[in-house]
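Oh and the sequence shown: position 270 is 270 in the UniProt record's numbering, straight run, nothing missing. Heads up, the beta-carbon is just placed ideally off N, CA and C, and yes, glycines get one too. Step one of this worksheet: look at the structure below.
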Amino acid sequence: SQSSLSSAIERLSSGLRINSAKDDAAGQAIANRFTANIKGLTQASRNANDGISVAQTTEGALNEINNNLQRVRELTVQATNGTNSDSDLSSIQAEITQRLEEIDRVSEQTQFNGVKVLAENNEMKIQVGANDGETITINLAKIDAKTLGLDGFNIDGAQKATGSDLISKFKATGTDNYQINGTDNYTVNVDSGAVQNEDGDAIFVSATDGSLTTKSDTKVGGTGIDATGLAKAAVSLAKDASIKYQGITFTNKGTDAFDGSGNGTLTANIDGKDVTFTIDATEKDATLKTSDPVYKNSAGQFTTTKVENKAATASDLDLNNAKKVGSSLVVNGADYEVSADGKTVTGLGKTMYLSKSEGGSPILVKEDAAKSLQFTTNPLETIDKALAKVDNLRSDLGAVQNRFDFGITNLGNTVNNLFSARSRIEDADYATEVSNMFRAQIVQQAGT
């Protein structure tokens, strides 16, 4: 009777018929499996809600991309109207470009819990069951201007190249390096535009002829040094000068350094400094091109005079050494001609145009190729295909949201049923246990 009384009291206090395996070994094992399923399915329901959140976040971003595409299409319809001037098309293209950049930004920056949902193709598996393999997959796709077929989308046409276009634009910050004639290195500070040589000396523009110079402190004195005694081995920047920038070599196809009368330029090394002179054969004067003093031969001696120079900038470096207007340039082995006003570039007799490469950087294209780039082929059809791709992905996301909703409902029903099944196995029958307790108490009292 004492054992029966203790068992009844334990079950009444815990509410469970099975408090240990000795009460019902098989029942305990079955109830424990039910518990595992209940906990797993409860978490799976929370997972499914997370899946809905991922789909909603992605669809919200796609809605903004769709809005931008609709505006691009509207602008494209406007651009295809024949009444637009060149400036009108440029203005329309400017807004289209901004809209496409916004699409790229949304694609790159939209995240859910640190996962970029539109930046790459991805299959996100959501665990919606208590066992292995019970998942629902959310198909995520990379959606940006390129994947939508809108990279380089153009309703404005290719633009004519100018002399300045023969040199790539500088980076936004930092420095760029030039190499002249394969040896001399120049560094351009993009922020200030200042130019230095590899020794750290500032580069200046000569006030006398606009050439690039170093502000040398070299002083030359004594006798026995005259213009005719200077070595004529060095090549002036005016003769076949080449400049290498960002992997592109520019060569200026100039004239000989010296004419038939002996006039021209030469370079000599004085006190370890290379200085370039302009030689006048009749006067036998040597005018220094590459530093601020001017040296003049007088009675076999050199004296110095001062001229005002201005600090060289990147544009001076371009002008003096790479894109001389009205001249012939060789760029990576290809011949180009620059008009006297610098506004037109021709290659093999063809006007050169600027167009965007696949990477987005401007490239030179010939006139024949530029004609095909005047407008994106079938621009409205291109936009419609982009809209259809966005719509397809949105449809998938909407469908998977509905699937999650139904899944959550089903999980809830399953959990409730499992609760009931487990309860029938392990929960105590209160009426039965109370009766057992009273009976045990009566038997115990009768025995005393």
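Residue i classed as buried or exposed, judged by whether at least 16 other C-beta atoms fall within 10 angstroms
| i | result |
| --- | --- |
| Leu418 | buried |
| Val443 | exposed |
| Ile46 | One detail in the question is off: residue 46 reads as Arg in this sequence, not Ile. Exposed. |
| Gly114 | exposed |
| Ser3 | exposed |
| Ala386 | buried |
| Gly133 | exposed |
| Arg99 | buried |
| Phe406 | exposed |
| Leu380 | exposed |
| Ser87 | exposed |
| Ile52 | buried |
| Glu74 | exposed |
| Gly260 | Any reading at Gly260 is ruled out, since the residue's pLDDT is 39, under 50, leaving its predicted position unreliable. |
| Val77 | exposed |
| Asn436 | buried |
| Ala21 | exposed |
| Ser107 | buried |
| Gly15 | exposed |
| Ala44 | buried |
| Ala431 | exposed |
| Phe438 | exposed |
| Ser13 | exposed |
| Ala79 | buried |
| Ala299 | Low local confidence applies: a pLDDT of 32 at Ala299 is under 50, so the model's placement there is unreliable, with the coordinate-based value given in what follows. By the 10 Å Cβ count, Ala299 comes out exposed. |
Of the listed residues the options, nearest to residue i (C-alpha basis)
| i | options | result |
| --- | --- | --- |
| Lys39 | Ala130, Ala25, Ile442 | Ala130 |
| Ser423 | Ala8, Arg17, Leu5 | Arg17 |
| Thr57 | Gln401, Arg439, Gly412 | Gln401 |
| Asp396 | Ala26, Ala31, Glu59, Ile30 | Glu59 |
| Phe34 | Thr414, Ile92, Ser91 | Thr414 |
| Ala421 | Asp23, Asn19, Gln28 | Gln28 |
| Asn392 | Leu41, Asn19, Asn63 | Asn63 |
| Asn416 | Thr42, Ala388, Asp384 | Thr42 |
| Ala388 | Phe112, Gln70, Ile92 | Gln70 |
Residue i vs residue j beta-carbon contact at 8 Å
| i | j | result |
| --- | --- | --- |
| Asn154 | Thr377 | no |
| Asp104 | Asp156 | no |
| Asn84 | Val390 | no |
| Arg403 | Ile136 | yes |
| residue 501 | Ala48 | Absent from the structure is residue 501, since the part of the chain shown begins at 1 and ends at 448. |
| Ala399 | Arg11 | no |
| residue 449 | Leu148 | Here the chain covers residues 1 to 448 and nothing more, so residue 449 does not appear. |
| Lys142 | Glu123 | no |
| Glu102 | Asn68 | yes |
| Ile138 | Asp50 | no |
| Ala55 | Thr110 | no |
| Gln445 | Leu5 | no |
| Ile425 | Ala31 | yes |
| Thr382 | Leu89 | no |
| Glu433 | Ala8 | yes |
Opening and closing residue of the beta strand (DSSP E) in which residue i lies
| i | result |
| --- | --- |
| Thr135 | 135 to 140 |
Start and end residues, alpha helix (DSSP H) containing residue i
| i | result |
| --- | --- |
| Glu120 | Unbroken run through Glu120: none, as it is neither H nor E. |
| Lys384 | Before going further, note that residue 384 is Asp rather than Lys in the sequence given. Segment 379 to 426, the alpha helix (DSSP H) holding Asp384. |
Contact test: residue i Cβ vs the ligand ATP heavy atom, cutoff 7 Å
| i | result |
| --- | --- |
| Val117 | Absent from the structure shown: the ligand ATP. Ligands present: none. |
Check: Mind pulling the alpha helix (DSSP H) runs of 4 or more residues that sit fully within the region 51 to 111?
Finding: 86 to 109
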